[in-house]
Amino acid sequence: MNHLKFCLFFCSVFCSMVSIAADDPYAAKRAAMIKEIEGDVRAGYGYLEKDALDENVIGALGSVPRHEFVPRNMREAAYENRPLPIGHGQTISQPYIVAIMTNLLQVGKSDRVLEIGTGSGYQIAVLATLVDKAYSIEIIEPLGRQAKQRLQRLGYENIELKIADGYYGWPEEAPFDAIMVTAAASHIPPPLIKQLKPGGRMLIPVGSRFMVQELLLVQKSASGEISTRQLLPVAFVPLTGRH
Amino acid sequence: MKLHPPFFSIGLLSAAMLAYEILLMRLFSIIQWHHFAYMIISLALLGFGASGTFVSILQKSLFRHFSSVFLLNVGLFAVSSVVCFLLAQSVPFNPDEILWDSQQPVRLLVIFLLLTLPFFFAANAIAMTLSYFHDRVARIYAFDLFGAGLGSLSVVALLFVAMPLQALAVIGCIGLLATAVAAWELKVTGRNWVFAVLAMSSAGLIMLDMRSELQLSPYKELSQMLRISGTEIAGEYSSPLGLLSVLHSHIIPLRHAPGLSLNASNEPPAQIGVFTDGGGMTAITRETGNSADYAYLDQITSAAPYHLFQPAHVLVLGAGGGSSILQARYHAVPKIDAVELNPQLIQLLRNDYADFTGDLLGNKNIRLYEGEARGFVADASVQYDLIEVALLDSFAASSAGLYALNESYLYTVEALQDMLKKLQPGGYLAITRWIKLPPRDTLKLFATAVDALKNSGVENPEWQLLFLRSWQTGTLLIKNGTVTATETAALKKFATDRSFDIAWYPGIQSGEVNHYNRLAEPYFYQAAAAILSDERADFLDRYKFSLQPATDDRPYFFHFFKWSVLPEIFSLREKGGLPLLEGGYLVLIATLVQALIASVILILLPLFVTSKEKRLSSSVSNSRVVLYFLSIGLAFLFIEIAFIQKFILFLHHPLYAVALVLTAFLIFAGLGSGFSWRLVMRGYYRHAITVSVLGIVVLGLLYMLFIGTLFAQFQSLSITAKIPLTLTMIAPLAFFMGMPFPLALAKLGDIAPNLIPWAWGVNGCASVVSAVLATILAIAVGFNAVIVLALSLYGLAWLSFPEQQAD
């Protein structure tokens, strides 16, 4: 049954790629990027605690035109597995990191997702293909305006974006099943923890704009207890040999 | 008309050049990051090597118009010192992209080349002078060293009164002044025209400088903050310790509270951000009059000691914007002492923001001292209940390994021993660091604490240690006595209430760890247990980052890199593995490799370019010349750098120690050089070099062996007494060190004067390599080993002193 599901899924992704390829000159590059990411995830299997990305995550990466989210002069590099500068001192994350972060959030179709730090809008676009409703907050005004126009132009109608201080989250739309915090902060804002549903997940990439040092996964248990899992974005064990 | 050497012009030029070198380091630390600043400036100094090659090849043509060419080079130094920096800072170089983006190395090269130019012009002028007036080499070199000494001291003073860009204009103008003095000394015809052009040039430089602004990398912390609506820089304060930028945020609060518990519900009161060189923000917090507003300071790991006992007297090392003082006040500590290195930060708290902080420092229970932490502890005459080493460096720089090159005397085994001595019985030393993944800082700190306790005669260090962590910060507590069951229980409650994990307490069980902030394995507990067990050596060997405790001889707490892990990390580069690299150390290695390649090319070039009939010399062995000038070039800086480090521990202030020791070395070496001229006049080359090398080796060995005892003896002296003592100790050593270079140059002047520029270039290249190599060696084997190597190199120089070859 799983094989059948996979075949159907593969066919649908393949067909959609073929149809996009006709008018999307970047489709082949996007497919190659996904293949590379899948290879990297297989090699870094200890990290995700499985050896492959979820099928819906692969589908999401395949459907979002990453080249539309980078400055025009960088489009050729859009599908390379690396972060790119997008102006205003911000970056669009490395596709590999976007893939594993999206996977770690484990969102379902009916989940409500909040992102703090819209940036180019690429990450929320990927998440928006997986859920019915996605929310994103950007603090830098010109960046937020650009992202809003871009997402509208590309037809992401299930994304609501506002330009505001993300520290207080989006109380009117809370609680959220998943929160992604890509904006730098000296600590995890307590209001965001409050706006996380019991059983919800919050993911925070920690590090510089170009290099993610670790991924912090904050989990709220059904009883409301908070814990974190600190994950390296790579399969690396700090000790050689046996303990 | 017989020309006289332009002594004063050389002195001024050297002063401007050394000041420029130090200023560039400051400027690039502000617009970029310190480790890249180090690389850029180191390589720019290859301009010295290039000048040797250039003058070697073209010396005859250059000498035909000596005065004009000299004037032109000094003038070009002056103009390019300002213009090249302004051009270089406009190159959009981003170190973080260097492995991704092929354009970045090209941009870096452009910056190198631009900054090499000023040094190239200045070094050309000096190399030409040494060669042209080869019978006066020793005196010229003495002026060169004197000038450099004054330059290093003046720039420190200048940076207190001028903003970095203003200081740049001042240095450019001193360069122009050196040109004017040269026109006067060389009796150039049409001097009035020269003076007029120089006056106009200085006006032009000042105007250009005034219209320019420092262009910080858009990825620096301050640049990022300034993107947010309502933020503005309310003030900037320059000092050699760093450029302080005070940031007001009118719309969105700053909320600086690193390591805040996941269970915390309150945020900090209004804050003002203070950035040093565009990064490492520390916050000045508003006084609200309501103690509950500061409850967030009880929700971070550094609050732990206040839950174990009620300290009556606390010492905060590194006051920053005052958060740790507020934390102690929140916990009702009756007497708080704090130390801060940067006097301008103290002024902000004491004057500019006194109202904002509710006159925090006016509180009679709080005393803030200006000083360096280690020195303050050594000199303290009281015992404290709690000594807290605050977390002031930024997470971003720390986690990216950017501090790998920085010496720190705060986290060495000896430093912790000093602090433990100043604790009351039952008192605690608390040190908070960032948590990095895979774990590094905190584990090295744990190993350092174990060594410090053992060296202090504690048989069972495990009974005196507590270690807890959040996802972001870790706090190590070292007790002057055995931790009691009551204290352990209090720590457990503190940690549980805030979802912090305890990684060590006496009697801890493996089932108690890694609960709230879960890692793939309980690394912190496993490491703590291993470090305390007989398996320590094996564990440190197997761990993929270096956790060997730092000592005063190898004060590199932030160095974690192990070569054995490089292949594994490199293979993971595409899979998010790059952050595992310790950037700072690799930049150091890259700098050395580039300096070596460039040096070899620059040294060999004249040998190939010069036509056969003009072949450099047959009267002296070229290989002896290379060996000699390489040896003394390497050795001079090895000794200078090693002794600067030793004196930092004695004088206790990194900045003043560097300025004083550097100036003393240069000026006394200048005296030595001046003295060697008398010996040269009498033809006593061989005797003079023997005496000087013997003097260096004997004094060097004596200092190396006894400097620790001497320092311990005079530690309690005041700084005003320590300064003359320092000068007295440096004077004889530096005096002898000033002799080998001019002695050999003078000898070359006798037997092969056309080799002088080449020898100058070889020495210049060696100096660049030396500065980088000294750090690499100190990290690997310590500063004492660097001194031993330097003394051996002086021995080698003695053996290879250039002599006339028999036909």
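Just so you know, the protein sequences line up as chains A and B, in that order.
When we follow my numbering, the leftmost residue of the first sequence carries the number 1, and every step to the right adds one.
When we follow my numbering, the leftmost residue of the second sequence carries the number 244, and every step to the right adds one.
Note that beta-carbon positions come from the ideal geometry of N, C-alpha and C, so glycine has one too.
Bear in mind the structure is a predicted one, so any value in this text is a computation, not a measurement.
Limits of the unbroken beta strand (DSSP E) element including residue i
{"i": "L217/A", "result": "212-220"}
{"i": "Q90/A", "result": "90-92"}
{"i": "K430/B", "result": "No beta strand (DSSP E) contains K430/B, which DSSP labels as neither H nor E."}
{"i": "W343/B", "result": "Segment: none, W343/B is in no beta strand (DSSP E) and carries neither H nor E."}
{"i": "W747/B", "result": "744-747"}
{"i": "V1031/B", "result": "Unbroken run through V1031/B is the alpha helix (DSSP H), 1026-1042; no beta strand (DSSP E)."}
{"i": "E115/A", "result": "112-116"}
{"i": "T675/B", "result": "666-677"}
{"i": "G87/A", "result": "84-87"}
C-alpha gap between residue i and residue j, whole angstroms
{"i": "S480/B", "j": "I273/B", "result": "Residue identity check: residue 480/B is Tyr in the sequence provided, not Ser. So the alpha carbons of these two residues sit roughly 13 Å apart."}
{"i": "I253/B", "j": "G390/B", "result": "7 Å"}
{"i": "I97/A", "j": "G981/B", "result": "56 Å"}
{"i": "I139/A", "j": "A183/A", "result": "9 Å"}
{"i": "L342/B", "j": "M211/A", "result": "11 Å"}
{"i": "M268/B", "j": "G724/B", "result": "45 Å"}
{"i": "Q347/B", "j": "F279/B", "result": "13 Å"}
{"i": "A21/A", "j": "V218/A", "result": "Confidence in A21/A is poor, its pLDDT being 45 and thus under 50, which makes the residue's placement unreliable; the coordinate value appears in the next sentence. Each residue's alpha carbon lies about 39 Å from the other."}
{"i": "T727/B", "j": "Y671/B", "result": "13 Å"}
{"i": "M180/A", "j": "L441/B", "result": "60 Å"}
{"i": "S294/B", "j": "R82/A", "result": "41 Å"}
{"i": "H802/B", "j": "V353/B", "result": "29 Å"}
{"i": "P244/A", "j": "S508/B", "result": "Residue numbering for chain A in the displayed model covers 1 to 243; residue 244/A lies beyond these limits and cannot be assessed."}
{"i": "S862/B", "j": "Q1048/B", "result": "5 Å"}
{"i": "Q213/A", "j": "L680/B", "result": "7 Å"}
{"i": "I116/A", "j": "S136/A", "result": "6 Å"}
{"i": "I163/A", "j": "G169/A", "result": "11 Å"}
{"i": "D40/A", "j": "A621/B", "result": "53 Å"}
{"i": "K197/A", "j": "R741/B", "result": "20 Å"}
Contact list for residue i against chain A, beta-carbon separation under 8 Å
{"i": "G754/B", "result": "Those do not exist, as G754/B stays about 16 Å from chain A at its closest Cβ, beyond 8 Å."}
{"i": "I495/B", "result": "I139, D165, Y167"}
{"i": "Q626/B", "result": "Those do not exist, as Q626/B stays about 34 Å from chain A at its closest Cβ, beyond 8 Å."}
Contact list for residue i against chain B, beta-carbon separation under 8 Å
{"i": "M211/A", "result": "D339, A643, L821, P822"}
{"i": "H67/A", "result": "Those within 8 Å of H67/A in chain B number zero; the least Cβ separation is about 17 Å."}
{"i": "I267/A", "result": "What the structure shows of chain A is the stretch from 1 to 243, and residue 267/A is not part of that stretch, so it cannot be assessed."}
Residue i - containing alpha helix (DSSP H), residue span
{"i": "W436/B", "result": "434-453"}
{"i": "M924/B", "result": "897-924"}
{"i": "I273/B", "result": "250-274"}
Neighbour-count burial assignment, residue i, 16 or more Cβ in a 10 Å radius
{"i": "I494/B", "result": "exposed"}
{"i": "T531/B", "result": "exposed"}
{"i": "H930/B", "result": "exposed"}
{"i": "A331/B", "result": "buried"}
{"i": "K990/B", "result": "buried"}
{"i": "K109/A", "result": "exposed"}
{"i": "L53/A", "result": "buried"}
{"i": "H895/B", "result": "buried"}
Partners in chain B for residue i, counting only beta-carbon separations shorter than 9 Å
{"i": "Q230/A", "result": "I678, L680, W714, N760, R761, L762, A763"}
{"i": "P263/A", "result": "No statement about residue 263/A is possible, as the shown extent of chain A runs from 1 to 243 and does not include it."}
Chain B residues whose Cβ lies nearer than 7 Å to that of residue i
{"i": "T316/A", "result": "No statement about residue 316/A is possible, as the shown extent of chain A runs from 1 to 243 and does not include it."}
{"i": "A43/A", "result": "K818"}
Under 9 Å from the C-beta of residue i: neighbouring residues of chain A
{"i": "H499/B", "result": "S186, H187"}
{"i": "S776/B", "result": "Per Cβ cutoff of 9 Å: no residues; S776/B is ~12 Å from chain A at best."}
{"i": "W920/B", "result": "Result: empty, since nearest Cβ-Cβ is about 54 Å, beyond 9 Å."}
Contacts of residue i in chain A (Cβ-Cβ under 7 Å)
{"i": "R470/B", "result": "H88, G89, I140"}
{"i": "S508/B", "result": "P190"}
{"i": "Y766/B", "result": "P238"}
{"i": "W343/B", "result": "R82"}
| task | With 9 Å as the C-beta to C-beta threshold (strictly closer), list the residues of the segment 52-86 of chain A near chain B in chain order. | result | Those residues of the segment 52-86 of chain A that come within reach of chain B (Cβ to Cβ, closer than 9 Å) are A77, E80, N81, R82, P83, L84, P85.
| field | Residues within the segment 453-482 of chain B neighbouring chain A, beta-carbon criterion of under 7 Å | value | Those residues of the segment 453-482 of chain B that come within reach of chain A (Cβ to Cβ, closer than 7 Å) are P461, Y462, S466, Q467, R470, I471, S472.
| field | Residues of the segment 736-750 of chain B whose Cβ lies closer than 9 Å to any Cβ of chain A, in chain order | value | Listed in sequence order: S742.
| What are the residues of the segment 94-114 of chain A that lie near chain B, defined by any Cβ-Cβ distance shorter than 9 Å? | Answer in chain order: Q94, Y96, I97, I100.
| task | Scan the segment 801-816 of chain B for residues whose Cβ lies nearer than 7 Å to a Cβ of chain A and list them as they occur along the chain. | result | Taking 7 Å as the cut-off between beta carbons, the residues of the segment 801-816 of chain B near chain A are L815, in sequence order.
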